[in-house]
Amino acid sequence: MNEEMMKFRDRLWYGQPAELWEEALPIGNGRIGGMVYGGAAVERIALNEDTLWSGFPRDTNNYDALRHLEKVRTLIWDGKYEEAEQRIERNMLGRRTESYQPLGDLYIHQDLSEDAITDYERSLDLDTGIASVQYRYKGARYHREVFVSVPDQVLVMRLEAEEELNITVRLSSPLRHKVAYAPNQLVLVGHAPVHIADNYLGDHPQSILYEESSGISFAINVTAHIYGGQLEALADGRIRISKTRSITLLLGAATNFEHFEQVPGGVNPARKSQAVLNTAAQRPYSALRASHIQDHQEMYGRVKLRLGPPIDIDHAAGNAALPTDERLRKYSEGADDPGFEVLYFQYGRYLLMASSRPGTQAAHLQGIWNPHIQPPWNCGYTTNINTQMNYWLAEVCSLSECHEPLTDLIRELSITGKRTARIHYGADGWVTHHNVDIWRTASPSDGKASWAMWPLGGVWLCRHLWEQHLYQPGNLDFLRDTAYPLMKGAALFCIDWLVADSGGRLVTNPSTSPENQFITPAGNVCSVSAGSTMDVSLIRELFKHCIQAAQILGHDEAWINMVKEACDKLRPLEVGEDGRLMEWLEPFEEAEPGHRHLSHLYGLYPGNEIHPRHTPELAQAARKVLEARLEHGGGHTGWSCAWIINLYARLYEGDRAHEFIRTLLSRSTYPNLFDAHPPFQIDGNFGGTAGIAEMLLQSHSDCIELLPALPMAWRDGSVEGLKARGGFTIDMEWDDSRLLRAIVRSQHGGVCRIRYLGQLLEITGRSEIQSGEELSFTAEPGVEYTIQIKKS
Ligand code: FUC
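Everything in the sequence shown is counted per our numbering, starting at 15 for the first residue and increasing by one.
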């Protein structure tokens with residue numbers, strides 16, 4: 015590939031090193047993360063390991079909570095919302111969750127003066143998962159590349175130069191640590207705090223509590239391979255490498271975290287990390303690189319997207335050849351650049367691959383990347399939108415194995431959450447509130463009821479189990495052994511949690527609509543009432559999924575009959591006098607009409623209770639909510655904007671959805687294309703990618719819809735490899751806003767109905783395909799047809 019062609023690959027590139035963390039480029043294997051700054055004289059890679067958290071397992075439940083539940087319910091029925099809220103905040107909440115921690119930094123210092131550097135470029139190639147830095151120094155070429163390997167579980171850096179390299183390698187950590195040079199390895203060992211006293215305030219060491227016997231400890235090990243030259247261990251724990259033109263550095267990292275219920279201490283992290291590093295060190299650089307690229311490309315290459323006409327290298331618009339920061343700036347100023355939107359889409363896929371792989375921890379608010387001891391919102395799992403948004407893209411964008419860590423998190427929460435359900439609410443099943451950490455804290459956090467008093471986190475998470483089933487319906491083992499038991503546990507809690515209102519309808523009490531507040535009849539701002547729309551939407555959906563799952567599995571007839579009965583009695587969605595979908599049971603006025611959460615639109619996206627074809631009145635009422643929120647400044651955080659893209663896609667409003675892609679990328683994106691809440695929060699990246707997919711393909715109702723929300727800005731394009739529910743893979747090509755060609759591949763057989771431009775499509779000449787077979791057709795909208803796909 016020549017240099018001109020390279021510019022058109024899926025890559026981020028810059029003409030100067032990163033100064034800020036939000037300019038550095040992320041690499042990761044789901045477990046080890048690195049932010050590559052790319053300095054020529056001083057390279058810094060800010061490191062993370064996904065099990066390095068503050069704290070240790072402890073009982074965070076509030077044994078007092080249950081005593082207040084009935085009183086709170088009565089206060090709410092009596093309209094004494096303020097009093098109920100106070101009682102909850104004083105008596106029914108728990109404690110703050112723990113924080114994800116930075117691991118440390120790898121520094122490479124080179125003896126060169128920055129002034130003599132020319133032709134500098136650093137980049138991240140999404141297609142290979144390799145970050146590179148190259149430049150000339152006094153005319154000689156220098157090149158460095160770095161990646162984190164899934165197969166070998168190490169970070170690998172290779173430095174090459176036309177002249178002799180003279181470098182020192184140093185490790186450090188913002189946490190308590192020591193560095194030593196053991197034979198052939200630089201080793202840093204350290205400890206995470208057991209508690210961080212306060213967040214939001216920046217890194218204040220005085221508010222950090224260390225207790226080395228109970229917190230998590232960790233190690234980073236670095237070893238170097240040189241080809242000729244010298245390696246010398248310096249007294250202060252650095253290593254100096256000189257007189258060689260090629261160096262390979264391998265970095266391993268580990269903690270002694272074993273399990274959310276176990277006090278860390280049983281394993282020696284340095285030994286654990288060393289063992290992995292020693293195995294990798296036996297393989298030559300070329301083999302490490304080849305296995306990494308193979309693993310990466312097998313997943314990354316599953317989906318290809320083009321927006322805009324096919325690229326003609328000779329006449330390409332200048333955009334793709336611009337450095338990414340400049341490209342972002344031009345785009346933010348209004349330049350049309352659909353190729354940049356493609357880059358953002360693929361970057362979302364890349365980030366999920368880099369932060370969530372089978373066997374690792376699920377991606378949290380910052381994926382796996384974090385330099386702070388007191389990160390914003392503890393870098394936790396916020397389950398009232400953020401954690402789920404991280405996984406909206408997983409199935410449709412063909413990264414379904416990246417979903418597995420979320421399933422593990424749900425499984426573990428069902429264990430801690432069972433105790434919380436019993437202790438806090440005297441309920442069966444399992445429950446989770448809005449903040450979760452590595453210790454699988456399921457109890458409410460402290461603070462305000464508007465965020466903490468929300469026992470529906472587990473119910474929303476269960477949607478992700480059902481989604482996995484819908485995309486892979488052939489995997490009945492998953493449905494029977496994993497999804498159904500967890501969904502049933504969450505539903506058991508809901509059955510106990512629901513209460514009847516005065517009209518006999520089932521609602522929740524107490525209830526909030528995540529993190530919004532209303533004006534009470536007395537004129538006060540309050541968050542607590544009964545039966546918020548989101549609560550009942552979530553519960554209805556879970557009940558329906560349980561009913562369908564039990565039918566497929568032939569399970570639990572008697573229990574399911576009871577669930578059906580409860581489901582029928584749930585409060586329905588209601589439209590207020592102003593034509594908007596109601597957020598609460600009562601027609602309260604919102605305290606913040608432009609609030610960032612769009613909780614009552616759950617049924618439109620990610621849920622499917624509201625649909626422009628099946629429930630047009632509700633869809634119209636949802637549209638009104640959206641417009642009203644936006645009129646008052648809603649959508650102002652990255653994730654909120656990303657949610658809006660998906661909501662407009664579901665309303666078939668492609669141009670409106672595209673407007674918010676532009677807003678997300680222009681207003682809420684850092685130079686390294688990380689999403690800005692602000693501060694950095696990765697959900698907007700993932701939600702944005704999911705939104706782009708949702709505009710091109712939908713499969714949540716009774717059929718697969720091709721190009722359901724295609725904006726004018728994407729008149730031409732093609733996509734390969736998107737996934738549809740039912741186990742289908744879809745390729746499409748379109749031109750001048752009209753579908754030219756589509757290919758449907760089936761993994762599991764089953765019925766496949768396709769809709770395009772509001773019509774079900776005729777598939778010329780064929781009505782049946784076999785499982786595993788391909789079906790391609792020329793799109794001629796107009797005739798209703800169902801493709802029956804037989805099981806092979
Ligand atoms: C929820 C949101 C905030 C933020 C936090 C991590 O509380 O309301 O905007 O994203 O999660």
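A virtual CB, placed ideally from N, CA and C, is assigned to each residue, including glycine.
{"Asked": "For T132, count the other beta carbons within 10 Å of its own beta carbon; 16 or more makes it buried, fewer makes it exposed. Which is it?", "Found": "exposed"}
{"Asked": "Looking only at C-alpha atoms, which of L189, W728, E555 and L771 sits nearest to I718?", "Found": "L771"}
{"Asked": "Between which two residues does the alpha helix (DSSP H) holding D749 run?", "Found": "Taken as a continuous stretch (DSSP letters only), D749 belongs to no alpha helix (DSSP H), being part of the beta strand (DSSP E) at F742 to D749."}
{"Asked": "Does any heavy atom of the ligand GTP sit closer than 8 Å to the C-beta of E529?", "Found": "The model depicted lacks the ligand GTP and carries the ligand FUC instead."}
{"Asked": "So for A206, helix, strand or coil by DSSP?", "Found": "coil"}
{"Asked": "Just how far apart, CA to CA, sit L248 and A194?", "Found": "10 Å"}
{"Asked": "Based on DSSP bridge pairs, tell me the residues matched to Y149.", "Found": "Y156"}
{"Asked": "Excluding the 5 residues flanking Q148 on each side, which residues of the same chain have their C-beta closer than 6 Å to its C-beta?", "Found": "E135 and H157"}
{"Asked": "Given a cut-off of 9 Å on the beta-carbon distance, is the pair T547 and E597 in contact?", "Found": "yes"}
{"Asked": "Between the C-alpha atoms of D716 and W406, what's the straight-line distance to the nearest angstrom?", "Found": "20 Å"}
{"Asked": "In whole angstroms, what is the alpha-carbon distance linking A32 and E645?", "Found": "37 Å"}
{"Asked": "Go ahead and label P197 buried or exposed: buried means 16 or more other beta carbons lie within 10 angstroms of its beta carbon, across all protein chains shown.", "Found": "exposed"}
{"Asked": "Starting from the C-beta of Y619, find all residues in its chain whose C-beta is less than 7 Å away, skip the five residues before and the five after it, and write them out in chain order.", "Found": "N660, L661 and R664"}
{"Asked": "My output table needs one value for V183: the three-state DSSP class, helix, strand or coil.", "Found": "strand"}
{"Asked": "Which term fits N62, buried or exposed, when burial requires 16 or more other beta carbons within 10 angstroms of its beta carbon?", "Found": "buried"}
{"Asked": "Under the rule that 16 or more other beta-carbon atoms within 10 Å means buried, what is Q276, buried or exposed?", "Found": "exposed"}
{"Asked": "Ignore the nearest five residues each way along the sequence and tell me which others in H611's own chain have a CB closer than 8 Å to its CB.", "Found": "N398, I399, S527, P528, E529, N530 and S654"}
{"Asked": "Should H611 be counted as a contact of the ligand FUC given a C-beta to heavy atom distance under 8 Å?", "Found": "yes"}
{"Asked": "DSSP on E355, reduced to helix/strand/coil?", "Found": "helix"}
{"Asked": "Compute the Euclidean distance between the alpha carbons of G362 and N404, then round it to the nearest angstrom.", "Found": "9 Å"}
{"Asked": "Alpha carbon to alpha carbon, how far is M576 from G216? Give it in angstroms, no decimals.", "Found": "Unreliable placement is indicated for G216, whose pLDDT of 48 sits below 50; the coordinate value is still reported in the next sentence. Each residue's alpha carbon lies about 50 Å from the other."}
{"Asked": "State yes or no: is the C-beta of D141 nearer than 8 Å to some heavy atom of the ligand FUC?", "Found": "no"}
{"Asked": "Which class does M171 belong to by DSSP, given the choice of helix, strand or coil?", "Found": "strand"}
{"Asked": "The ligand FUC heavy atoms versus the CB of T651: any closer than 8 Å?", "Found": "yes"}
{"Asked": "Where does Y684 sit, in a helix, a strand or coil, going by DSSP?", "Found": "coil"}
{"Asked": "To the nearest angstrom, how far is the alpha carbon of R87 from that of V160?", "Found": "57 Å"}
{"Asked": "Comparing alpha-carbon positions, which option in E600, L413, I566 and E667 lies nearest V542?", "Found": "E600"}
{"Asked": "With distances taken Cα to Cα, identify the nearest neighbour of E57 among S370, W573, R172 and T74.", "Found": "R172"}
{"Asked": "Among L185, I144 and G204, which residue has its Cα nearest to the Cα of W844?", "Found": "Only positions 15 to 806 of the chain appear in the structure, and residue 844 is not among them; the question remains open."}
{"Asked": "Around the C-beta of Y241, are 16 or more other C-beta atoms found within 10 angstroms, so that it is buried, or is it exposed?", "Found": "exposed"}
{"Asked": "Would you say D73 and R341 are within 9 Å of each other, going by their C-beta atoms?", "Found": "no"}
{"Asked": "Using the Cα positions of R254 and A301, report the straight-line distance between them to the nearest angstrom.", "Found": "25 Å"}
{"Asked": "Can we count H628 as close to the ligand FUC, meaning its CB is less than 8 Å from some heavy atom?", "Found": "no"}
{"Asked": "So W27 is in the beta strand (DSSP E); what residue range does that whole segment cover?", "Found": "R25 to Y28"}
{"Asked": "Give me whichever residues DSSP pairs with E57 in a beta bridge.", "Found": "I122"}
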